[in-house]
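Notes follow the structure.
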Amino acid sequence: MRFTDFRLRARAFFRPRNVERELDDELGFHIECETRKLLAEGLSAAEARRALARFGPVPLAADQCRDERGISFFETLARDVSFALRTLRRAPLVALTVIATIALGLGVVTVAFTFFNAFFFQVDAVRNPDELFAVERLERPDSRSEVPFSRSEYEAIRRDTDVFTDVAAARPSFPTRVRGTGAPGEDIAGRAAVAMFVSGNFFEDRRHARRPANHGVHASRDDSRHYGSSVDCVGGRLVAGSDAKSYTPYLYANKLFSDRFRDAVGRTWPAYLDGTRTLTDADRDLVRMLSESPR
Amino acid sequence: MPRQTIPDLLPGTLDLLILRTLQTDPMHGWAISERIQQISHDVLQINQGSLYPALHRLEHQGWIEAEWRVSALGRRAKYYRLTASGRRQLAVEAGEWERMSTAIDRVMRFA
Chain W
0 MRFTDFRLRA
10 RAFFRPRNVE
20 RELDDELGFH
30 IECETRKLLA
40 EGLSAAEARR
50 ALARFGPVPL
60 AADQCRDERG
70 ISFFETLARD
80 VSFALRTLRR
90 APLVALTVIA
100 TIALGLGVVT
110 VAFTFFNAFF
120 FQVDAVRNPD
130 ELFAVERLER
140 PDSRSEVPFS
150 RSEYEAIRRD
160 TDVFTDVAAA
170 RPSFPTRVRG
180 TGAPGEDIAG
190 RAAVAMFVSG
200 NFFEDRRHAR
210 RPANHGVHAS
220 RDDSRHYGSS
230 VDCVGGRLVA
240 GSDAKSYTPY
250 LYANKLFSDR
260 FRDAVGRTWP
270 AYLDGTRTLT
280 DADRDLVRML
290 SESPR
Chain R
0 MPRQTIPDLL
10 PGTLDLLILR
20 TLQTDPMHGW
30 AISERIQQIS
40 HDVLQINQGS
50 LYPALHRLEH
60 QGWIEAEWRV
70 SALGRRAKYY
80 RLTASGRRQL
90 AVEAGEWERM
100 STAIDRVMRF
110 A
């Protein structure tokens, strides 16, 4: 907003009588000039009035000028408030009864909505939770032991798969520090992150970490309240095809892990993900670093 | 000669005509409408329902500024004059108009 615009609006709001008087004077001057001109051209007073009517009603022009000030909302509000205060002063008992009735009604509606929202309207915070998966390779089809993917395998999955819209790497037993949505180009794997997911807004409730297969995703508002907004990932679980590959959900809320632990993982696990250290060595490095670092 | 009001002519043209009319001297609203009517040989006639909202809009945009003076009739009148930013805006709008009218003219001649 320009300063001139602001100044004119402020003047119209704080000195409305002056501005209105000036508008009346301006339009009145126009009418006077036009009337003089028509009379000078030889028209009678009645003809001059008819001719002037062709130019439109003056109140309409005044209204259009007021609209150009851009403060009609505030003017209306000020008038309404003023009217309400006058009414309150004139009949306080009636006014207070009306206010109390409206307040009570709003309270009842709020309670009713809260109830219906909690029991009927609540929806999952995740848009498509059934489309989020963590990929897990099992030792045997009937086993629950996981065999981690190597960095090169992860990259091959990421490069070749057309099943997921995006893929990110992580290690289930280590903290994840993932930001963003896993969009291409985001450096997620370099943070020794875990699991595979397509969004960073979901999580699994760790209270239910030992659930059976084919369980659903926990992404309700209740879970959001439990973990706050700083959650990282989650997935679903399914058994795909005859080779019984398993897709298991994982979730890592940052607040579950201390900065000290995250720091240790960040220092030790990139070596494993790079392939320069074995899984066992990386685990050993991590344990040693944790034991040496101050609590 | 048939008379044509500005809003029926081309949207946005009124602002350009007002700015151009104020380029030389400050004028009050009625004088502006008279000036446009005279120069256009009565083809363009601006009613006050179009003129004054446009003047107030231009004033809010900072392209013109107003001052109250005593007119030749001995009555107070609101005189408008072009500001520096109004002159720049006039140059822009005049250039646009020139380009558009030239293009339309070419189509009318050669299409």
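Protein chains in written order, with numbering that gives the first Met the number 0: chain W, 0 to 294; chain R, 0 to 110. Backbone N, C-alpha and C define an ideal beta-carbon position, used for all residues, glycine too.
1) With a Cβ-Cβ cutoff of 8 Å, do H59/R and T3/W count as a contact?
2) List, in chain order, every chain W residue whose beta-carbon is nearer than 8 Å to that of R74/R.
3) Show which residues of chain R have a CB atom less than 8 Å away from the CB atom of E21/W.
4) Could you check where the alpha helix (DSSP H) with L137/W kicks off and where it finishes?
5) Are the stretch 67-76 of chain W and the stretch 43-59 of chain W in contact at 8 Å, needing three or more beta carbon pairs?
6) Could you tell me the boundaries of the beta strand (DSSP E) in which V80/W lies?
7) Please report the residue range of the beta strand (DSSP E) in which A76/R lies.
8) Determine whether the beta carbon atoms of I63/R and Y79/R lie at a separation below 8 Å.
9) Does T267/W pass the burial test, meaning 16 or more other C-beta atoms within 10 Å, or should it be called exposed?
10) Using the Cα positions of I45/R and S32/R, report the straight-line distance between them to the nearest angstrom.
11) Under 8 Å: do the stretch 10-26 of chain R and the stretch 68-79 of chain R share three or more Cβ pairs, one atom per stretch?
12) Distance, Cα to Cα, A90/W vs F13/W?
13) Determine the extent of the beta strand (DSSP E) in which R68/R is found, giving its start and end residues.
14) Distance, Cα to Cα, V93/W vs S70/R?
15) Where does Y249/W fall in DSSP's three states?
16) In chain order, which continuous runs of the beta strand (DSSP E) of length 3 or greater are located wholly inside the stretch 36-63 of chain W?
17) Mind listing which residues of the stretch 2-13 of chain W have their C-beta closer than 9 Å to chain R's C-betas, in chain order?
18) Distance check for D14/R and R98/R, CA to CA, integer angstroms please.
19) Reducing DSSP to helix, strand and coil, say where A239/W ends up.
20) Checking 8 Å against the spacing of the C-beta atoms, do L26/W and Y51/R come in under that value?
21) When the Cα of Q22/R is compared with those of H55/R, R108/R, A83/R, S49/R, which residue comes out closest?
22) Per DSSP, what kind of secondary structure is K254/W in: helix, strand or coil?
23) Taking the beta carbon of R88/W as the centre, do at least 16 other beta carbons fall within 10 Å, making it buried, or is it exposed?
24) Please work out which residues of its chain come closer than 6 Å, Cβ to Cβ, to E145/W, disregarding the five sequence neighbours upstream and downstream, and give them in chain order.
25) S142/W and G274/W - do their beta-carbons sit closer together than 8 Å?
26) Short check: CB of W67/R to CB of R75/R, under 8 Å?
27) DSSP state of H40/R, grouped into three classes?
28) According to the Cβ coordinates, are L51/W and T34/W closer than 8 Å?
29) In chain W, what lies closer than 7 Å to Q88/R by C-beta?
30) How many Å lie between R287/W and A270/W at the Cα?
31) Have a look at E31/W, T113/W, A83/W and flag the residue whose alpha-carbon is nearest the alpha-carbon of G73/R.
32) Nearest to F73/W by alpha carbon, out of V107/W, P15/W, L289/W, E154/W?
33) State the start and end residues of the unbroken alpha helix (DSSP H) segment that holds E152/W.
Concretely, from the data shown:
1) yes
2) F28, E31
3) W67, K77
4) That residue, L137/W, is in no alpha helix (DSSP H); it is neither H nor E in DSSP.
5) no
6) First-last for V80/W: 71-89, but that is the alpha helix (DSSP H), not the beta strand (DSSP E).
7) 75-81
8) yes
9) buried
10) 6 Å
11) yes
12) 29 Å
13) 63-69
14) 54 Å
15) Unreliable positioning characterises Y249/W in this predicted model, as indicated by a pLDDT of 33, which lies under 50. The coordinate reading is nonetheless provided below. The answer is coil: DSSP assigns Y249/W none of H, G, I, E or B.
16) none
17) F2, T3, D4, L7, R8
18) 17 Å
19) With a pLDDT of only 26 at A239/W, under the threshold of 50, the placement of this residue in the model should not be trusted; the figure read from the coordinates follows. It is a strand residue.
20) yes
21) A83/R
22) Bear in mind that a pLDDT of 37 at K254/W, under 50, signals an unreliable position, so the number given afterwards is only what the model happens to contain. Helix, per DSSP.
23) exposed
24) E135
25) no
26) yes
27) coil
28) yes
29) Residues of chain W passing the Cβ test: none, with the nearest at roughly 12 Å.
30) 15 Å
31) E31/W
32) P15/W
33) 150-159
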